[in-house]
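Heads up: the protein sequence lines correspond to chains W and V, in order. Residue 247, in my numbering, is where the first sequence stops; the numbers in between run on with no holes. Residue 300, in my numbering, is where the second sequence stops; the numbers in between run on with no holes.
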Amino acid sequence: MSLIVRNLSVDHGAIRAIDNLSFIVEKRRLTAVIGANGAGKSTLLRTLSGLNQATAGKASWGDHNLLKGKAELHVRKGVSHVSEGKSVIPELTVEENLELGALWRRNKKEAEETKRYVLDLFPRLGERLKQRADTLSGGERQMLAIGRALMSKPQLLLLDEPSLGLAPLVVEQIFQTIRDIVNSSSMTVLLVEQNAMGALKIADIGVVLNLGKIAAIGPAADLIADPAIRAAYLGY
Amino acid sequence: MNQFISSILIGFSQGSIYALMALALVLVFRSTRVVNFAQAGQAMVSTYIGWEVINRTGSYWLAIPIAALGGAILAVIVQNFLMRPLSKRTSEGAIAPVANIIVTLGLLGVLHSGAAIIWGSEEKLLTSPVSTNGFKIGENVYPFSATDVLIIITSVIVMLIFAFIFKKTNLGLALRAAAFQPEISRLAGIRVDRVQTIGWAFSGAAGAVAGVLIAPGSYLNPYSLDILLVFGFVAAVIGGLDSLVGAAVGGIVLGLTLSFTSQYVGTALTFVVPFVVLLVVLLLRPNGLLGGRSSRNA
C-alpha cells in the first residue's frame with residue numbers, strides 16, 4: 012500500500028495553493044515535506060485528510076480514494092491527520108481526548124490495548140489522564156494530539172508541524188518518537204515541517220515544496236547534502 | 003417565613019421549566035451555533051402532541067415521553083431539511099451571521115400558523131394529573147402545589163438523564179467533542195453531522211418537556227409558549243449560552259428572581275426584572291455566570 016498523489020491541484024479562492032503536484036509515498040517510510048510558509052504544505056495534508064476540497068487530480072491510499080468523502084470516513088480507512096497547532100480538544104480531559112480517537116472502532120478492548128501502546132510511547136500523558144487538555148504544556152499537547160491520532164490505529168499518519176512553538180529539546184524528543192513509531196510499526200508517515208533540518212534528519216524521503224510545486228524530491232540524506240537545498244531551505 | 007419558603011419553591015418550579023427551555027436552546031447553540039427562535043414553536047407543537055395523547059388516552063404520564071419523542075423528531079426534521087442545507091449555502095458573505103436568525107424566526111411563524119390551522123387558535127386545557135391547588139399549612143394556603151412538585155421532579159429527572167448521557171457515555175463524549183471542535187472531532191473519526199443531529203433531537207425533547215410541564219398552569223394556544231422562549235433565552239444567556247450546567251443554573255436564578263419579584267414587589271414588574279438581571283449579569287460577567295472557555299466542560 013502506498014500514498015499516490017497525481018497531478019493534484021488545490022485552490023484557495025483565486026490562489027492556487029497546490030499546483031499539479033505528483034509524488035508517491037512508499038509504505039513504512041517516513042516522508043518529510045518541507046518548504047517556506049505558504050508553500051502549500053498544510054493545504055496538502057488538509058486535502059489528503061478530506062478537510063479541503065481538491066480542484067483537480069487524484070490522491071489515493073491503497074485503493075481508497077482520498078479526494079472523495081469526508082474526513083471522518085478516511086479515518087476508517089486508516090488515514091489519521093494531526094492538524095496544525097496541537098490538534099486536541101482543550102475542554103476535554105487527556106483520557107477523553109485519547110478515547111475520542113477510538114470511539115468509531117466500537118471496540119473497548121482493542122481501544123484499551125491501543126491506549127496502553129500510546130501511553131508507553133508518551134508516559135507523561137499517563138500521569139495526566141484526568142487533567143483537562145488545556146492544562147498541558149505545549150509539548151504534552153502535541154504528544155496528546157499524536158496519541159489521539161494513533162488511537163484510530165492508522166496505517167497512514169499525516170502530521171502537520173508537530174514542532175510548532177515548542178522548545179528545541181521537546182522538538183527533538185517528539186521527532187525521535189515519530190521515528191520510533193515508523194521503525195517499530197507498519198505505519199507510513201507524511202510529516203510536514205517548517206523545521207526543515209530537524210525533519211529531514213529523521214526522514215527517509217524529503218519533498219521540498221515551493222509555491223505549491225515540488226522544488227526537489229529524493230532521499231532525505233541527499234537533500235541535506237545538496238548545497239543548493241542547504242542554501243535555500245536549510246539556512247546554511 | 004412560610005411565604006418566603008413558598009416563594010423559593012415556586013421559584014424552583016418555574017425556574018426548572020426555564021432551565022429545560024434554556025437547555026434546549028443551549029444544546030442547539032453548542033452543536034451548530036444557531037440561536038433557534040423556532041424552539042418556542044417546536045415546543046408548542048410538541049405540547050399539542052402531548053395534549054392529543056392526554057385527549058386520547060387520558061394519561062399525562064404518557065404525554066411527557068411521547069411529546070418528547072415528537073419534539074425530537076420535529077427537531078431532526080428542522081435540522082436535516084432546513085438548517086443544514088441552509089448553513090451549507092450561506093456559510094460566506096454578509097448573509098452568514100443573520101441567515102439562521104431569519105430562517106428560525108420565519109419557521110416560528112410557520113409553526114404558529116400550522117398549529118392554528120390544525121388545532122385552531124382557541125385555548126386548550128392540559129389538565130395536570132395532580133392538584134394545582136396550593137398546599138395548606140394551618141389556615142394559610144400557599145401557591146406551591148403538587149403540580150409544582152411534579153414539575154421539579156420531572157425536570158430534575160430529565161436533567162439527570164442529560165448529565166448521565168453527556169458525562170458517562172460515548173455518545174456524550176462525541177457530543178461534547180463535536181460541539182467544541184468539530185474539525186478535530188472529524189479527524190478523530192466522529193461523524194459530526196450525525197452527532198449534531200442528535201444534539202438537535204435532545205434539544206427538541208427538552209423543549210417539549212418544558213412545554214408539557216408549563217401548560218397545566220396556563221392554557222395552550224399557538225402563541226402561548228413564546229414567552230417561555232424569552233425566559234429560556236434569558237436563562238441561557240445568564241448561564242453563558244454554551245454551558246449545560248449554566249442553562250440549569252440560569253433557569254433557577256431566573257425562576258427565583260421572578261417568584262420573589264411577584265411576591266414582594268408586584269406582578270406588574272415581572273416582565274421587566276428578568277431583563278434587569280440579564281443586564282446586570284452581562285455587565286458584570288459578559289460570558290455569563292458559567293460561560294467562557296474555562297467552564298465549557300459540561
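Beta carbons: idealized from backbone N, C-alpha and C, even for Gly.
Meets three-Cβ-pair contact criterion under 8 Å: the segment 156 to 171 of chain W and the segment 84 to 101 of chain W: yes
Any C-beta of chain V under 7 Å from that of Glu83/W: As a first step, residue 83/W is located in the first sequence; it is residue number 72 there, counting from the start. Yes, Glu83/W counts as interfacial toward chain V.
DSSP bridge partner residues for Ile51/V (one or two, in chain order): As a working mapping, residue 51/V is identified with position 49 in the second sequence. According to DSSP, Ile51/V bridges with nothing at all.
Endpoints, alpha helix (DSSP H) assigned at Arg17/W: Numbered from its first residue, the first sequence carries residue 17/W at position 6. Looking at the DSSP string, Arg17/W is not in any alpha helix (DSSP H); the run it does join, the beta strand (DSSP E), is 14 to 23.
Asp171/W and Leu55/W closer than 7 Å at C-beta: Translated into positions along the first sequence, residue 171/W becomes position 160. Translated into positions along the first sequence, residue 55/W becomes position 44. In this structure, Leu55/W does not lie closer than 7 Å to Asp171/W by Cβ.
Assigned secondary structure, Val90/W (DSSP; H/G/I helix, E/B strand, else coil): On the first sequence, position 79 is the one that residue 90/W refers to. Strand, per DSSP.
Per-residue DSSP class, three states only, for Ile12/V: Position 10 of the second sequence, counted from the first residue, corresponds to residue 12/V. Ile12/V: helix per DSSP, three-state reduction.
Where Ala179/V meets chain W, residues with beta-carbon distance less than 9 Å: By one-based count along the second sequence, residue 179/V stands at place 177. The contacting residues are Ile100, Glu102, Leu103, Glu107, Asn108, Leu111, Leu114.
For Lys126/V: DSSP bridge partner residues: For the purposes of this step, residue 126/V is taken as the residue at position 124 of the second sequence. Note: Lys126/V sits in a beta bridge opposite Leu222/V.
Proximity test, Cβ basis, 7 Å: Gly72/V and chain W: As a position in the second sequence, residue 72/V is number 70, starting the count at 1. No, because no Cβ of chain W sits closer than 7 Å to the Cβ of Gly72/V.
Contacting residues, own chain, Cβ-Cβ under 6 Å from Thr134/V (five flanking each side not counted): Within the second sequence, residue 134/V is the residue found at index 132, counting from 1. Closer than 6 Å at the Cβ level, and outside the excluded window around Thr134/V, lie Ser147, Thr149.
Among Ala180/V, Ala118/V, Gln265/V, nearest to Glu83/W - alpha-carbon criterion: Position 72 of the first sequence, counted from the start, is the residue given in the question as residue 83/W. Among Ala180/V, Ala118/V, Gln265/V, the Cα nearest to that of Glu83/W belongs to Ala180/V.
Ala237/V, enclosing beta strand (DSSP E) - first and last residue: As a first step, residue 237/V must be located in the second sequence, where it is residue number 235. Counting along the chain, Ala237/V falls outside any beta strand (DSSP E), though it belongs to the alpha helix (DSSP H) covering 228 to 240.
Closer than 9 Å at the beta carbon, the chain V residues around Arg87/W: Counting from one through the first sequence, the residue named residue 87/W turns up at place 76. By Cβ distance, chain V contributes Gly191.
C-alpha gap between Val16/W and Phe34/W, whole angstroms: Within the first sequence, numbered from 1, the residue matching residue 16/W stands at position 5. Within the first sequence, numbered from 1, the residue matching residue 34/W stands at position 23. Each residue's Cα considered, the two are about 5 Å apart.
Contact set between Arg159/W and chain V, taken where Cβ atoms lie within less than 9 Å: As a position in the first sequence, residue 159/W is number 148, starting the count at 1. Those within 9 Å of Arg159/W in chain V are Ile186, Leu189, Ala190.
Contact set for Ala69/V: own chain, Cβ-Cβ below 8 Å, skip 5 residues either direction: By one-based count along the second sequence, residue 69/V stands at place 67. The answer, listed in chain order, is Ser48, Thr49, Ile51, Gly52, Val55, Ala210, Val211, Gly213, Val214.
Chain V within 7 Å of His92/W, Cβ atoms only: Within the first sequence, residue 92/W is the residue found at index 81, counting from 1. Closer than 7 Å to some Cβ of chain V, the Cβ of His92/W qualifies, so yes.
Where Val28/V meets chain W, residues with beta-carbon distance less than 8 Å: Here residue 28/V refers to the residue found at position 26 when the second sequence is read from its first residue. Under the 8 Å cutoff, chain W gives no residues; its nearest Cβ is about 15 Å from Val28/V.
Chain V contacts from the segment 55 to 83 of chain W (Cβ-Cβ distance under 9 Å): Ser60, Gly61, Leu62, Lys81, Ala82, Glu83
Alpha-carbon to alpha-carbon, Arg178/V and Asn4/V: Residue numbering aside, residue 4/V sits at position 2 when the second sequence is read from its first letter. Residue numbering aside, residue 178/V sits at position 176 when the second sequence is read from its first letter. Those two C-alpha atoms are separated by around 42 Å.
Assigned exposure category for Gln198/V - 16 Cβ within 10 Å defines buried: Taking the first residue of the second sequence as 1, we reach residue 198/V at position 196. The residue is buried, with at least 16 neighbouring Cβ atoms inside 10 Å.
Sub-7 Å separation of Leu256/V and Pro288/V beta-carbons: Along the second sequence, read from residue 1 onward, the residue named residue 256/V stands at position 254. Along the second sequence, read from residue 1 onward, the residue named residue 288/V stands at position 286. Not closer than 7 Å, so no.
Continuous beta strand (DSSP E) assignments of at least 3 residues falling wholly in the segment 15 to 82 of chain W: 26 to 36, 41 to 45, 67 to 72
Delimiting residues of the beta strand (DSSP E) encompassing Asn142/V: Sequence index remark: in the second sequence, residue 142/V carries index 140 (1-based). Here the beta strand (DSSP E) through Asn142/V covers 142 to 147.
Secondary structure of Ala239/W, DSSP reduced to three states: Here residue 239/W refers to the residue found at position 228 of the first sequence. The answer is helix: DSSP assigns Ala239/W an H, G or I state.
Min CB distance Asn82/V to chain W below 7 Å: Translated into the one-based positions of the second sequence, residue 82/V becomes position 80. Asn82/V does not count as touching chain W.
For Thr199/W and Leu152/V, the rounded distance between their alpha carbons: As a first step, residue 152/V is located in the second sequence; it is residue number 150 there, counting from the start. As a first step, residue 199/W is located in the first sequence; it is residue number 188 there, counting from the start. About 59 Å.
Neighbouring residues, chain W, relative to Gln183/V (Cβ below 7 Å): Taking the first residue of the second sequence as position 1, residue 183/V is located at position 181. Going along chain W in sequence order, the residues near Gln183/V (Cβ under 7 Å) are Ile100.
CB contact check: Ser148/W to chain V, cutoff 7 Å: Here residue 148/W corresponds to residue number 137 of the first sequence, with the count starting at 1. No, Ser148/W does not count as interfacial toward chain V.
Cut-off 8 Å between Cβ atoms - residues of its own chain near Ser220/V, not counting five sequence neighbours on either side: The residue labelled residue 220/V in the question sits at position 218 within the second sequence. Ser226.
Burial state of Gln41/V, where buried means 16 or more other Cβ atoms lie within 10 Å: In the second sequence, counting from the first residue as 1, residue 41/V sits at position 39. By the neighbour-count rule (16 or more Cβ atoms within 10 Å), Gln41/V is buried.
Beta-carbon neighbours of Ser163/W, restricted to chain V and to distances below 8 Å: Residue mapping note: residue 163/W aligns to position 152 of the first sequence, counting from 1. Result: Ala190, Gly191.
Counterpart residues of Glu95/W in DSSP-defined beta bridges: Position 84 of the first sequence holds residue 95/W. Paired residues: none, contrary to the question.
Opening and closing residue of the beta strand (DSSP E) in which Phe186/W lies: Residue mapping note: residue 186/W aligns to position 175 of the first sequence, counting from 1. It is not in any beta strand (DSSP E) - Phe186/W instead sits in the alpha helix (DSSP H) that spans 179 to 195.
Beta carbon proximity, Asn172/V to chain W, threshold 7 Å: As a working mapping, residue 172/V is identified with position 170 in the second sequence. Judged by the 7 Å Cβ criterion, Asn172/V is in contact with chain W.
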